[in-house]
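Worksheet for the structure shown next.
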Amino acid sequence: MALFDWMAEASGPVLRGRGVLLRPPRPSDHVAWAELRDGSRDYLQPWEPAWAEDDLTRGAFRRRLSVYAREMELGTAWPLFVFDPEENHLMGAITLSNIRRGVAETGTLGYWIGRPWAGQGAGTAATRAMLAFAFGRLKLHRVEAACVPANHASRRVLEKSGFRHEGLAKAYLKINGVWADHLLFGVIEDDFVPDPAAFSSPISG
């Protein structure tokens, strides 16, 4: 599909979980996204790559959408925003990326939840909805994830969603400007128990 059409309509999967709705980001989401990220800056930055100086600007956001559109078109990543379906508040984002086919059939999961919604189950619900999509619609065999050892909240999300701790990777990713060790987690299709509340719409576009 054309990039302009994707950016105008944000075609793609709509996933639902317990108390969350996941859909592709739209240009009109910029203000809510920037405000949530800015208000959660101190909460998020210790666990993320360093933010660019223009990270929250509209121009940077549109560049993100261009990258997202290409990744979804190629089927290598599915970046989705997480919403409260009752009030339509943006709560965070989740991405299934680095999708490898062939002998791997694997993807990598990453997510963030804004400070106002932290600790309320949104991260776990979004993760389980994305896993249902990964093992169902996308027919992946395995999903991987990683977190900094001190990020206890992220580890709880992964473990509650069915991931198993598999090891430690030294200096795995550059987080907040420093190479950081990460705990490695994985879940395979055979071990995942779907949440009956999680389902997805057809992929449009």
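Here the UniProt record's numbering is used: the first residue of the sequence shown is 1, the next is one more, and so on.
Glycine is no exception: its CB is placed at the ideal position from the N, C-alpha and C atoms.
- Annotation: Gly136 to Ala118 spans about 27 Å, alpha carbon to alpha carbon.
- Non-local beta-carbon contacts of Ala134 in its own chain, meaning distances under 7 Å to residues more than five positions away in sequence, involve Leu96, Gly107, Leu140, Val143 in chain order.
- Beta-bridge analysis with DSSP links Ser97 to Thr108.
- Nearest Cα to Arg16 within the set Asp190, Pro27, Ala132, Arg164: Ala132.
- For Thr76, the CB contacts under 6 Å within the same chain, skipping 5 residues up- and downstream, are Ile99 in chain order.
- Pairwise C-beta distances place the stretch 55 to 68 out of contact with the stretch 110 to 127, as fewer than three of them are shorter than 8 Å.
- A distance below 7 Å between beta-carbons, with the five flanking residues on each side excluded, links Trp179 to the following residues of its chain, in chain order: Ala171.
- When the Cα atoms are used, Glu189 and Leu138 turn out to be separated by approximately 11 Å.
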